[in-house]
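For reference, the structure discussed in these notes is given below.
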C-alpha cells in the first residue's frame with residue numbers, strides 16, 4: 360500500500376520522481392515552483408516561435424507547407440530538479456477528468472523513465488483511498504508515496 364506523507368514531510372528526501380498535477384488542480388505546484396525559480400510558470404507562458412517572413416516566402420516558393428507547432432499545454436512538463444529539491448525529476452502532468460486518464464498518464468511517464476521510486480502529489484481534495492482504488496485498476500505496483508492536497512473547504516475524506 361502507498362505511504363501517505365503529511366504536508367510537513369512532503370519535501371523530505373525519499374523518491375527520485377515526483378509527479379504533481381497542474382496549478383489549476385494542486386496548490387503544491389506553486390510551492391514547488393518557488394524552489395525551481397518559477398520554471399513551471401515560465402514553461403506555461405512559453406509560445407512556439409513563429410517563422411520569419413523570409414522563411415515563409417522561401418517555403419512558399421518551393422511549395423512546401425510551413426510546419427505548424429501547436430502549444431503543448433496538455434503534455435507533461437519534466438524538470439531536472441536534483442540541484443534544487445531532494446529528487447531527480449519533477450513532472451507536471453495536467454489533471455484531466457476522469458481520474459483514470461490522469462493515472463494512465465502517470466504510468467506512461469513513470470514507465471518511460473524506467474520506473475524510478477515514485478512520489479505523487481494528489482490533486483486538491485482527492486482522498487488517498489480513491490486514488491489507490493483507481494491506481495489498482497491500472498497497476499499492481501504500490502510501493503510509492505502520496506502527498507495529499509486537502510482543500511480546507513472540503514470535509515476530510
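Residue numbers (the numbering used here): 360 to 516. Heads up, the beta-carbon is just placed ideally off N, CA and C, and yes, glycines get one too.
Nonlocal neighbours in the same chain, by C-beta distance under 8 Å from residue 517, ignoring five residues either side: With the chain represented from 360 up to 516, any question about residue 517 goes unanswered, as that position is not in the structure.
Contact between the segment 463–476 and the segment 386–400 (3+ Cβ pairs under 8 Å): no
According to DSSP, residues forming a beta bridge with residue 448: 376, 439
Validate contact between the segment 430–450 and the segment 372–379 using beta carbons, cut 8 Å, 3 pairs: yes
Option nearest residue 481 by Cα separation, candidates 424, 371, 504, 419: 504
Exposure label - residue 478; buried when at least 16 CB within 10 Å: buried
Candidates 435, 468, 485, 408: closest to residue 384 by CA position: 485
Close-in-space but distant-in-sequence residues of the same chain around residue 529 (CB under 6 Å, 5 per side omitted): Nothing can be reported for residue 529: it is not among the residues displayed for the chain, which extend from 360 to 516.
Buried versus exposed, by CB contacts within 10 Å (16 or more), residue 490: buried
Neighbour-count burial assignment, residue 469, 16 or more Cβ in a 10 Å radius: buried
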